[in-house]
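Here the structure comes first, spelled out in structure tokens, and everything after it is commentary.
Protein chains: 2
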Amino acid sequence: MQFARPLAELIAQFERLPGVGPKSAQRLAFHVLRQPEDDVRRMAEALLEAKRALRLCAVCQNISESEQCEICLDPRRDPKVICVVAEPRDISSMERLNEFKGFYHVLHGLLNPLEGVGPENLKVRELLERLRDTVEELIIATNPTVEGDTTAFYLAKLVKPLGVRVTRLAHGMPVGGELDYADTATLLSALEYRREL
Amino acid sequence: MQFARPLAELIAQFERLPGVGPKSAQRLAFHVLRQPEDDVRRMAEALLEAKRALRLCAVCQNISESEQCEICLDPRRDPKVICVVAEPRDISSMERLNEFKGFYHVLHGLLNPLEGVGPENLKVRELLERLRDTVEELIIATNPTVEGDTTAFYLAKLVKPLGVRVTRLAHGMPVGGELDYADTATLLSALEYRREL
Numbered sequence: 011m012q013f014a015r016p017l018a019e020l021i022a023q024f025e026r027l028p029g030v031g032p033k034s035a036q037r038l039a040f041h042v043l044r045q046p047e048d049d050v051r052r053m054a055e056a057l058l059e060a061k062r063a064l065r066l067c068a069v070c071q072n073i074s075e076s077e078q079c080e081i082c083l084d085p086r087r088d089p090k091v092i093c094v095v096a097e098p099r100d101i102s103s104m105e106r107l108n109e110f111k112g113f114y115h116v117l118h119g120l121l122n123p124l125e126g127v128g129p130e131n132l133k134v135r136e137l138l139e140r141l142r143d144t145v146e147e148l149i150i151a152t153n154p155t156v157e158g159d160t161t162a163f164y165l166a167k168l169v170k171p172l173g174v175r176v177t178r179l180a181h182g183m184p185v186g187g188e189l190d191y192a193d194t195a196t197l198l199s200a201l202e203y204r205r206e207l
Numbered sequence: 011m012q013f014a015r016p017l018a019e020l021i022a023q024f025e026r027l028p029g030v031g032p033k034s035a036q037r038l039a040f041h042v043l044r045q046p047e048d049d050v051r052r053m054a055e056a057l058l059e060a061k062r063a064l065r066l067c068a069v070c071q072n073i074s075e076s077e078q079c080e081i082c083l084d085p086r087r088d089p090k091v092i093c094v095v096a097e098p099r100d101i102s103s104m105e106r107l108n109e110f111k112g113f114y115h116v117l118h119g120l121l122n123p124l125e126g127v128g129p130e131n132l133k134v135r136e137l138l139e140r141l142r143d144t145v146e147e148l149i150i151a152t153n154p155t156v157e158g159d160t161t162a163f164y165l166a167k168l169v170k171p172l173g174v175r176v177t178r179l180a181h182g183m184p185v186g187g188e189l190d191y192a193d194t195a196t197l198l199s200a201l202e203y204r205r206e207l
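So this is what it looks like as structure tokens:
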């Protein structure tokens with residue numbers, strides 16, 4: 011038996027989401043059918059509204075409701091430091107620390123030559139344009155992966171000649187972690203990043 | 011930092027889906043933002059359309075686009091047998107076999123006294139009304155769980171006095187399974203349902 015057409019269509023739509031297989035898609039679709047109509051309408055509107063109302067901040071490329079995002083419009087922030095992240099969600103990880111008071115720049119991806127992602131596919135040009143200003147330090151906060159490393163080294167090479175200091179988040183033992191359980195790469199990084207006590 | 015309001019709202023909506031935690035909800039929301047606007051509109055419409063166009067079949071309580079579902083309207087089906095299932099999705103499991111040619115009845119749940127689900131919360135009355143017809147056998151295809159067992163026994167007790175034969179899907183070793191790995195309950199069922207060779 012086929013599912014009734016609108017149900018089949020809804021299942022197909024859920025299946026297009028990342029990490030949602032055929033079984034989960036069915037479960038989600040049946041869940042929707044059991045919801046009150048108002049709730050389903052709210053979800054549909056949230057989808058349309060997010061797509062309609064959100065764009066990229068003209069300065070830092072973060073997701074924003076207005077021409078510039080709240081962070082870029084905040085006059086209390088330090089214009090001397092820019093933290094470079096791969097994705098908009100990384101900003102919320104940094105902001106949770108309540109420690110970093112500079113600005114951000116979102117690359118929207120990482121260099122990945124094997125998958126054909128080059129600098130022209132990332133917001134690199136937009137970053138370089140911002141460096142004409144008062145920026146003294148670029149903190150590169152890409153993940154410690156092959157792509158994150160490649161992107162960090164590429165940006166460092168590009169930006170250092172402009173007289174901007176380029177730093178990167180330290181790699182090392184997670185706080186509370188045990189030597190016994192640390193993988194070799196992490197341990198090697200921890201050794202390399204060691205500090206005087 | 012908070013996410014921009016429409017983004018926060020979309021994340022909240024995804025979080026309300028079963029099995030979607032805060033991290034997955036964020037990932038789904040960012041995925042939506044990367045999609046072309048047409049795709050997002052299609053998803054929103056699928057949600058609304060499924061909710062608007064679908065209802066329960068007046069006969070078998072399956073999800074249907076019209077007053078009666080396709081199966082109930084199929085004149086080639088055998089009106090002497092009704093297969094009772096807990097959820098609409100169970101019908102597609104049965105139909106995949108291409109073996110059962112009777113009709114269905116969807117209970118929309120299983121008896122669960124601990125959670126306050128009694129016969130009045132299921133489509134039991136609707137089932138009894140159908141038994142006035144030509145029905146000779148009721149095949150109960152509820153899951154082999156406590157709730158599935160309870161529901162099966164309850165229905166059997168209710169329906170047998172009406173002169174309808176009540177059967178249930180066999181429990182036993184899954185085909186291709188190994189004795190070594192079967193749990194005790196399954197093995198006990200397999201012993202109980204044993205057949206002459």
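Line order of the protein sequences matches chains A and B.
Per this note's numbering, the first sequence runs over residues 11 to 207.
Per this note's numbering, the second sequence runs over residues 11 to 207.
Note that the Cβ used here is the ideal one computed from N, Cα and C, for glycine as well.
Computed from a prediction, not measured in an experiment: that's the story for all the values here.
For residue 191 of chain B, there is no enclosing alpha helix (DSSP H), as DSSP marks it with neither H nor E. Rounded to the nearest angstrom, the Cβ distance from residue 20 of chain A to residue 39 of chain A is 4 angstroms, consistent with a contact under 8 angstroms. Contact between the segment 84-97 of chain B and the segment 139-148 of chain B is present: three or more C-beta pairs spanning the two stretches fall below 8 angstroms. Three or more pairs of CB atoms, one per stretch, sit closer than 8 angstroms, so the segment 178-190 of chain B contacts the segment 199-206 of chain B. Among the residues of chain A, none has a CB under 9 angstroms from the CB of residue 197 of chain B; the nearest is roughly 27 angstroms distant.
The beta-carbon of residue 61 of chain A is placed less than 8 angstroms from the nearest beta-carbon of chain B.
For residue 81 of chain A, the enclosing alpha helix (DSSP H) stretches over residues 80-83. Interface with chain B (8 angstroms Cβ-Cβ cutoff): residue 158 of chain A is excluded. Contact note: residue 39 of chain A reaches chain B through 60, using a C-beta cutoff of 8 angstroms and chain order. Per DSSP, residue 43 of chain B is one residue of the alpha helix (DSSP H) stretching across 32-44.
Among the CB atoms of chain A, none fall inside 8 angstroms of the CB of residue 149 of chain B. Annotation for residue 175 of chain B: the continuous beta strand (DSSP E) segment containing it runs 175-178. Not a single C-beta of chain B is nearer than 8 angstroms to the C-beta of residue 87 of chain A. Residue 122 of chain B sits in a strand when the DSSP states are folded into three classes. When C-beta distances to chain A are compared with 7 angstroms, the residues of the segment 41-55 of chain B below that value are 41, 42, 43, 47, 50, 51, 52, 53 and 54, in chain order.
Annotation: Cβ neighbours of residue 57 of chain B in chain A (cutoff 7 angstroms, chain order): 20, 42, 50, 53 and 54.
Only residues of its own chain outside the window of five on either side were considered, and among them 120, 121 and 152 have a CB closer than 6 angstroms to the CB of residue 161 of chain A, listed in chain order. The C-beta separation of residue 72 of chain A from residue 98 of chain A comes to about 5 angstroms, placing the pair in contact by the 8 angstroms criterion.
When DSSP states are grouped into helix, strand and coil, residue 94 of chain B belongs to the strand group. Identification of residues in the segment 62-82 of chain A having a C-beta nearer than 7 angstroms to some C-beta of chain B yields 63, 64, 73, 74, 75 and 81, given in sequence order. Contact check for residue 43 of chain B against residue 14 of chain A fails: the beta carbons are separated by 8 angstroms or more. Distance from the Cα of residue 65 of chain B is smallest, within the candidate group A/95, A/173, A/46 and A/135, for A/46. With respect to the 8 angstroms criterion, residue 67 of chain B and residue 113 of chain B are not classified as neighbours on the basis of their beta carbons. Contacts between residue 14 of chain A and chain B, judged by CB atoms closer than 7 angstroms, involve 64, 73, 74 and 75 in chain order. In the three-state reduction of the DSSP assignment, residue 13 of chain A falls in the coil class.
Contact between residue 52 of chain B and residue 23 of chain A holds: CB atoms are separated by about 7 angstroms, below the 8 angstroms threshold. If you draw a 10 Å sphere on the C-beta of residue 178 of chain B, you find 16 or more other C-beta atoms in it, and that means buried. Interface with chain B (8 angstroms Cβ-Cβ cutoff): residue 107 of chain A is excluded. Using a Cβ-Cβ cut-off of 8 angstroms, residue 32 of chain A is close to nothing in chain B; its nearest Cβ partner there is about 11 angstroms away.
At a cut-off of 8 angstroms between C-beta atoms, residue 29 of chain B counts as an interface residue with respect to chain A. Within the segment 116-172 of chain A, the runs of alpha helix (DSSP H) that reach at least 4 residues and sit entirely inside it are, in chain order, 134-140 and 156-169. Chain B places a beta carbon closer than 8 angstroms to that of residue 17 of chain A, counting this residue as a contact.
Contact between residue 63 of chain A and residue 16 of chain B holds: their C-beta atoms lie close to 4 angstroms from each other, under 8 angstroms.
Under the three-state reduction of DSSP, residue 62 of chain B is assigned to helix. The beta-bridge partner set that DSSP reports for residue 110 of chain B is empty. In the DSSP assignment, residue 103 of chain A forms no beta bridge with any residue.
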